[in-house]
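J.: Shown below is the structure under consideration.
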Amino acid sequence: MEINKELDLAFNFIEKTNRNLFLTGKAGTGKTTFLHKIKATSMKRMIVVAPTGVAAINAKGVTIHSFFQLSFDPFIPNANEQKATTQRKFSKTKIDIIKSLDLVIIDEISMVRADVLDGIDAVLRRYKDRTKPFGGVQLLLIGDLQQLSPVVRPNEWQLLKNYYQTAYFFSSIAYQKAAILAIELKHIYRQQNQAFIAILNEIRNNALSKASAEILNKQYQPNFHPKKEDGYITLTTHNNRADAINQKQLDSLDTHERTYVAEISGDFNEKAYPNSENLVLKEGAQVMFIKNDSSIEKRYYNGKIGTIVHLDDEVITVQCSDDDFIETTYETWENIKYTLNKETKEISNTIEGTYTQIPLRLAWAITIHKSQGLTFDKAIIDAEASFAHGQTYVALSRCKTLEGIVLKTPIKAASIISDTTVNTFTEQLEENEPDEAELKASKKTFQLDLISEIFDYNPFLYPVKRLIDLYYKNKNSLTGNILQPLETIKDKGIIPLMKVNTKFKSQLASLAKNSENPEQDATIQARFKKAVEYFTAQTKQHIAEVLSTFTFATDNQAVSKDIEKQLKAIEEKLAVKIKILEGVSDQFSTENYLKLRANAILEVSEVKVIKRPVATSTSHEELFEDLRLFRLSVSNSENVPPFQIFTQKSLFEMCELLPSTPKQLKKIHGMGKVRVEKYGEEILEIINDYVTQNNLSSMKDDVIIKVEKKNTKETSLDFFKEGFSIEEIAEKRALAASTIFGHLGHYVLEGVLEITEILAEEKVTKGLEIIKNNTFEGLNELKEIAGTNFSYNELRILLKYSEKK
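According to our numbering, the sequence shown holds residues 235 to 1039 in order.
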């Protein structure tokens, strides 16, 4: 297709800038062809989505709701209840795709509701940049507002009308903030007759003149009955009308019928089936091809009409003209899913399911809705029952010529339903179309913005400030090297680099004043190279090296989770930043940077996060871990937070002072009479075992003595040999059952008892299988894998038993 002025301008805005674009145009102006060109040639990482399954399959994309995992319920902006709707758990692959996206193409945008566009915005912000509309991803919206409009049920509009002026996409909150340009394609490829084009424009604009109406209604022929060989198709407003016409005509044929059954494999939504699952055809039936020919001959296209002259099991012969006989067989439609190629890191299409069927549909009649995007030589149009904005225009604009139209009913003003809101919006677009000067400015701004993005450290600020805030709010329950590295990173790393970048942006803007293409300017490239050297050195010295000294420990699980979350955010941003800085060290190139940025995001995503070591601040790390696990076991069995057993500070003091008696244990910070009475015997047993095994000394009443090993385990063993159960022994000794289990587990490891004497054989077998077949670091990870069927104590004994075996 010849590239015209508007198409060329649109392509350059998408390819060479980051401006959001609404590409519109009358029917037959090449919007779909433009979409396929962008997909085939663009350097940007993109996805294509559409509002319906059929539209998505035709665009070789996916539906909006499936990719963005939106509910079909109305999306209420800023409502808490919508978080679960728009933020369902996304797969890692989908998150990686979103994080690495440059461009999102939405086809048939006229059918997208305002709230759906805001739902897309919410998802993109969540995984990209929260501060920018659509997360900073470039949008290409393709469609014609004068054609089919969004479907909104009355009960849905009752909810949405409080937030949106109209249901159209341009009323969305995100659209208003996104500074979206609009380009209208003006050259019509479908029709050549200027008089017919003028009539279509009047109908499109709800301004059909009397003279045009008279010309158009000359095609009104209420008693017209086409000959079978004429190839007319009837366009009507409702499915039941089209189905009735097709069935009546099919029944009138006395030829033998055949049924062609579709072959469906994998995942293919029934609502997106492109043809009947059981397609009934007869010789003599008028049919329409519903897919472009996939063979190299390209014998037919979507919308071509003919008559069946021969049927076989596999092959159907269709006559489209006197000398045009087409043999067609099964074609396959694909339901795709976006994935990442592990080797190239490119976004690729994975086939989720296929639908194989004869690419023909009965074509004595079709609904106007299903005709959108098709082209006909001859059509009978029944627009009397038009019920929606744009239907009459869509029907008439399917035809190549005025002479090819037969009107079943005259075109009246009532048949032309047009939305004044759409007309007003369209007029505003026409008044503000961009030109070559704006393209040049946007291209320069795009390059400068990308350079600035390389040196942007603002994204680091929130997680660091959040960590500092967490420290001050929870410092009594936190231990480790926390505040000093965070303040150093903020005050010597992030903030100074943000200030330098602000000055650098100003310098670049000044240098670029006389440069049309910054990436080809030698002075800018030299300045860029020096900036890369400076920012790389500062990032490594004042952020990366300092961050490596950060340690923490806390007994507050919620605080711990939040700290880990913010640390992970900083570490991922840092890894991406360093990869990018090292990758652009030679020079800046828009295309290379976009690839580098995506690859850096994906490479960092693939790296397994290594758990940060717990800040014990003690040389007795083994004892620290034993006491911590004891506390966790008790907290789980009593269903209370760990700090209610004893605090983090108490844990450190016990490891430092090694108390050996209840009296000394009471001197530990936070260990009052109640806690010592409840947990003291077990705590002291763990400490004394550790002291004895490591030949250490303990402070008792300010006198250093050798700790003698208690025989409390032997007492438990004696009771067990007498036939008492673990629960009974625990009751007799006023100890927790978990403690008695630990006593007996000691003798299992010593070989005095069999493990099946204290654990059911089935549980032993299952536990050993879990240990053997999984990779884990420590008891906590093993517990996550094993689940609630095993306690910490049981897993601990099984793990030691397995190691001994």
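Glycine residues also receive a C-beta, built at the ideal position from the N, C-alpha and C atoms.
Note that the structure is predicted; figures quoted are calculated from it, not measured.
Could you give the uninterrupted runs of the beta strand (DSSP E) lying entirely in the stretch 500–537, keeping only those of 3 residues or more?
T.: Qualifying beta strand (DSSP E) stretches, in chain order: 512–516, 520–523.
J.: By the 10 Å Cβ neighbour count, where 16 or more other Cβ atoms means buried, how is residue 520 classified, buried or exposed?
T.: Looking at its Cβ environment, which holds 16 or more other Cβ atoms inside 10 Å, residue 520 is buried.
J.: Looking at residue 570: is its Cβ nearer than 8 angstroms to the Cβ of residue 294?
T.: Yes, the Cβ-Cβ distance between residue 570 and residue 294 is below 8 angstroms.
J.: Report the residue from 582, 486, 304, 356 whose alpha carbon sits nearest the alpha carbon of residue 273.
T.: Of 582, 486, 304, 356, the residue nearest in Cα terms is 582.
J.: Relative to the C-alpha of residue 391, which residue among 580, 307, 430, 433 is closest?
T.: Taking only the C-alpha atoms, the option nearest residue 391 is 307.
J.: Have a look at residue 385 and residue 1002 and give me their C-alpha separation to the nearest angstrom.
T.: Those two C-alpha atoms are separated by around 57 angstroms.
J.: Compute the distance between the beta-carbons of residue 277 and residue 338, then report whether it is under 8 angstroms.
T.: Cβ atoms of residue 277 and residue 338: not closer than 8 angstroms.
J.: So, at 7 angstroms on beta carbons, what are the nonlocal neighbours of residue 766 in its own chain, with the 5 sequence-adjacent residues on each side left out?
T.: If we look at residue 766 and ignore the five residues flanking it on each side, its Cβ neighbours are 815, 818, 819.
J.: My understanding is that residue 329 touches residue 361, with C-beta atoms under 8 angstroms, so please give their C-beta distance in whole angstroms.
T.: Contact holds; Cβ gap of about 6 angstroms.
J.: Is DSSP giving residue 895 helix, strand or coil here?
T.: If DSSP states are grouped into helix, strand and coil, residue 895 belongs with coil.
J.: With a cut-off of 8 angstroms on the beta carbons, I'd call residue 975 and residue 960 a contact; round off their distance for me.
T.: Residue 975 to residue 960, Cβ: 6 angstroms. Contact.
J.: Please list, in chain order, all residues of the same chain as residue 790 whose beta carbon is under 7 angstroms from its beta carbon, the five residues on each side excluded.
T.: Excluding sequence neighbours, residue 790 sits near 708, 711, 877.
J.: For residue 312, which three-state DSSP category applies?
T.: Residue state, collapsed to three classes: coil.
J.: With 16 other CB atoms within 10 Å as the buried threshold, where does residue 919 fall?
T.: Buried, by the Cβ-count rule.
J.: Helix, strand or coil for residue 986, going by three-state DSSP, please let me know.
T.: Residue state, collapsed to three classes: coil.
J.: Is the distance from the Cβ of residue 881 to the Cβ of residue 904 below 8 angstroms?
T.: Contact: yes.
J.: Ends of the alpha helix (DSSP H) at residue 545?
T.: First-last for residue 545: 539–545, but that is the beta strand (DSSP E), not the alpha helix (DSSP H).
J.: So what does residue 256 bridge to, in DSSP terms?
T.: According to DSSP, which records beta bridges pairwise, residue 256 is partnered with 375, 416.
J.: Can you have a look at residue 908 and say buried or exposed, based on whether 16 or more other CB atoms are within 10 angstroms of its CB?
T.: Exposed, because fewer than 16 other Cβ atoms sit within 10 Å of the Cβ of residue 908.
J.: Could you check the C-alpha separation between residue 467 and residue 426 for me, to the nearest Å?
T.: Distance between the alpha carbons of residue 467 and residue 426 is about 21 angstroms.
J.: Return the residue from the list 572, 592, 579 that minimises the CA-CA distance to residue 564.
T.: The shortest C-alpha separation from residue 564 is found at 592.
J.: Quick check: what's the CA-CA separation for residue 409 versus residue 733?
T.: The straight-line gap from Cα to Cα measures roughly 31 angstroms.
J.: Count the other CB atoms, across all protein chains shown, that sit within 10 Å of the CB of residue 480; report buried if there are 16 or more and exposed otherwise.
T.: Per the 10 Å Cβ criterion, buried.
J.: Can you tell me the Cβ-Cβ gap for residue 353 and residue 309, rounded? I've got them flagged as a contact below 8 angstroms.
T.: Indeed they touch by this definition, with Cβ atoms about 4 angstroms apart.
J.: Please classify residue 578 as buried or exposed, where buried requires at least 16 other C-beta atoms within 10 Å of its C-beta.
T.: Flag for residue 578 reads exposed.
J.: 8 angstroms is my cut-off, CB to CB: does residue 1016 come that close to chain D?
T.: The displayed structure is made up of one protein chain only, and chain D is not part of it.
J.: Taking the alpha-carbon positions, what's the residue 757 to residue 432 distance?
T.: Each residue's alpha carbon lies about 53 angstroms from the other.
J.: Report yes if the C-beta distance between residue 471 and residue 606 is below 8 angstroms; otherwise report no.
T.: Contact flag unset, no.
J.: According to DSSP, is residue 820 helix, strand or coil?
T.: Of the three classes helix, strand and coil, the one that applies to residue 820 here is coil, per DSSP.
J.: Once DSSP output is grouped into helix, strand and coil, what is the label at residue 992?
T.: Three-state DSSP puts residue 992 in coil, outside helix and strand.
J.: Just to confirm before moving on: does the CB-CB distance between residue 735 and residue 689 stay below 8 angstroms?
T.: Closer than 8 angstroms, so yes.
J.: Going along the chain, which residues of its own chain have a beta-carbon closer than 6 angstroms to the beta-carbon of residue 950, five neighbours each way excluded?
T.: Excluding positions up to five away in sequence, the list reads 963, 974, 977.
J.: Relative to the alpha-carbon of residue 491, which residue among 460, 535, 545 has its alpha-carbon at the smallest distance?
T.: Answer by Cα proximity: 545.
J.: With H, G and I counted as helix, E and B as strand and the rest as coil, what does DSSP make of residue 943?
T.: Low confidence applies here, because residue 943 scores a pLDDT of 42, under 50, leaving its location unreliable; read the following figure in that light. In the structure shown, residue 943 sits in coil (DSSP, three-state: anything other than H, G, I, E or B).
J.: I need the DSSP call for residue 584, collapsed to helix, strand or coil.
T.: Residue 584: strand per DSSP, three-state reduction.
J.: With distance defined between alpha-carbon atoms, name the residue in 825, 830, 889, 686 nearest to residue 856.
T.: Measuring from the Cα of residue 856, the nearest candidate turns out to be 889.
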